[in-house]
Amino acid sequence: MLNSLIKSFQRKQSRRESLKRIQNANQTNMGVVNLHRVNPQNVGDFYCAPHHYFESLQNSELDIFGHRETDKSKLDHFVNSISRNSLIIGGGGLLNRGSFEKQMKVFEQLASNDKKVVMWGVGHNSKNSKNYRKIYQYNLDISKFGLAGTRDFSAPGEYVPCVSCMHPIFNESFSSKNELGIIFHTDSLKSPSLIEKFSSIPNIPNNASLEEVISLIGSCENIITNSYHGMYWGMLLKKKVSVVPNSSKFFDFKYQPNFTTFEDSLTDYKKAQSYDGILEECKSINQIFYHKVSEYLELQ
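Heads up: the sequence shown begins at -10 in the numbering used here, then just goes up one per residue.
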C-alpha cells in the first residue's frame, strides 16, 4: 500500500514537472514527433497515428503519456523530443477528456507561440453520457494550431477521419461466413457475465492484434461493438455496425452506425445499414491532408 502511494506521488510530481519544463524550454522545429497513445494493448490507439503509414514520419512516435514517466532518462527524452521538434498530435480521442487535457493545453500554448503543431485525426471523447450528441466545441482553441484535422464531422476543424484506413490490411478481400461478430473494448473484459452472454457468438477484444480483429470483422456481415475502431473498421469494410456507446466519440463520425445497448443488441443489430465507399473516401482525405502537413512541416 505504501509503495503504491509513493509511486502515485512520484507520477503526479513527474507530470507537473515535465509539463512545466516543456513550457519553459527553448522551442525549435528541428524534426518531427508524432504523439499519440502508444498502447499495444489497445489496437485502435496503437494504429491511429500517421507515423505508421508515411515514410517521412517513420520512427517518430512518442507516447502522449510520456510525461508520467518516473525514470529520469525516459522523462528527459519526452521533454527534449517535444521541445526540439515540430509536433503531430494524434490520432485518437484526445479532446474533451481529462486524462489528456493538461498535455493538450500545453500543446495549445506552444502552438500559439509559433511552435509548429498539427492535430491529425483527433476527436472528442467525453465519458459523461449527458454530453453524448451535445459536444459542439472542443476543450481547447484548435484555431491556434498550424493545422487541425479532426475526426468529428460536425465539430470544428478540417474533417480528417482516422488515418488507420491507410493500413494495407484494408486492401485485402474477406468473405463473410458469420452473420454476427462482436468487438469488445477491453473494459468489457471486467464483466464476465457480459462476456458469457455473447460467448456463442464470434467475438474478440480490442487488445488483440490488428490482424485478428480485422479477420473477425471481415468474416462477419454484422458487427456489434463498444470500440471506436471496431465501429470505424467495420464501416470501412462495408459491414453493418451497431454500437453500444461508452463515450461521446461514437456520435460524430460522418456515417452513423445503429446505436443500441448490450441488452437489446441481439435484436437491434438487424436495424444497421452498410455504406459503400467509406474506405476510399477516408484514404483520399488522409492523403490530401498528408500533403498539407508535409508542406507545413517541410518534411523530406
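Heads up, the beta-carbon is just placed ideally off N, CA and C, and yes, glycines get one too. A quick note: this is a predicted structure, and the numbers were derived from the prediction, not measured.
I need the straight-line Cα distance from residue i to residue j, nearest angstrom please.
i    : j    : result
P39  : G82  : 15 Å
V202 : H56  : 30 Å
L24  : K260 : 38 Å
S153 : Y36  : 6 Å
D265 : S101 : 40 Å
V95  : T17  : 15 Å
S180 : I124 : 29 Å
E331 : S88  : This structure leaves residue 331 out entirely; the chain is present only between -10 and 289.
N117 : E90  : 15 Å
E168 : P194 : 18 Å
K9   : D65  : 12 Å
V149 : K243 : 10 Å
G79  : F187 : 33 Å
G20  : W222 : 31 Å
L255 : E270 : 30 Å
I277 : A14  : 33 Å
K63  : L226 : 39 Å
K1   : Q262 : 46 Å
P157 : D34  : 17 Å
L99  : K61  : 23 Å
D103 : I172 : 42 Å
C151 : E97  : 21 Å
T59  : S189 : 44 Å
R5   : N120 : 28 Å
Can the beta-carbon of residue i be found less than 7 Å from the beta-carbon of residue j?
i    : j    : result
V233 : P246 : no
G170 : G138 : no
S72  : L51  : no
S143 : K105 : no
N114 : R140 : no
Y285 : L136 : yes
K272 : S208 : no
V68  : S7   : yes
Q12  : I53  : no
N275 : M108 : no
S49  : V22  : yes
Q297 : N196 : Given a span of -10 to 289 for the chain in the structure shown, any question on residue 297 remains unanswerable.
L183 : Y127 : no
D241 : T249 : no
Since residue i and residue j are thought to touch, with beta carbons under 8 Å apart, how far apart are those beta carbons, to the nearest angstrom?
i    : j    : result
K228 : E210 : 7 Å
S236 : V32  : Actually they do not touch by this definition, with Cβ atoms about 17 Å apart.
M220 : I267 : About 11 Å separates the two Cβ atoms, so there is no contact after all.
G112 : K238 : 6 Å
I77  : V230 : Their Cβ separation, rounded to whole angstroms, is 28 Å, which puts I77 and V230 out of contact at 8 Å.
Check: Looking at C-beta atoms only, is the number of pairs between the stretch 40 to 49 and the stretch 125 to 136 that lie closer than 8 Å three or more?
Finding: no
Check: Is there contact here, the stretch 209 to 217 with the stretch 169 to 179, by at least three beta-carbon pairs under 8 Å?
Finding: yes
Notebook entry, point to check: Unbroken alpha helix (DSSP H) runs of length 4 or more, entirely within the stretch -4 to 48: which are they?
Noted result: 32 to 36
Notebook entry, point to check: Would you call the stretch 158 to 169 and the stretch 190 to 208 touching, i.e. three or more CB-CB distances under 8 Å?
Noted result: yes
Next item on the list: Identify every run of the beta strand (DSSP E) within the stretch 216 to 248, keeping only runs that are complete inside it and at least 3 residues long; order them along the chain.
Entry: 229 to 232
Check: What alpha helix (DSSP H) runs, 4 residues minimum, are completely inside the stretch 138 to 181?
Finding: none
Next item on the list: Report the residue ranges of all beta strand (DSSP E) runs contained in full by the stretch 55 to 86; include only those spanning at least 3 residues, in chain order.
Entry: 75 to 78, 81 to 84
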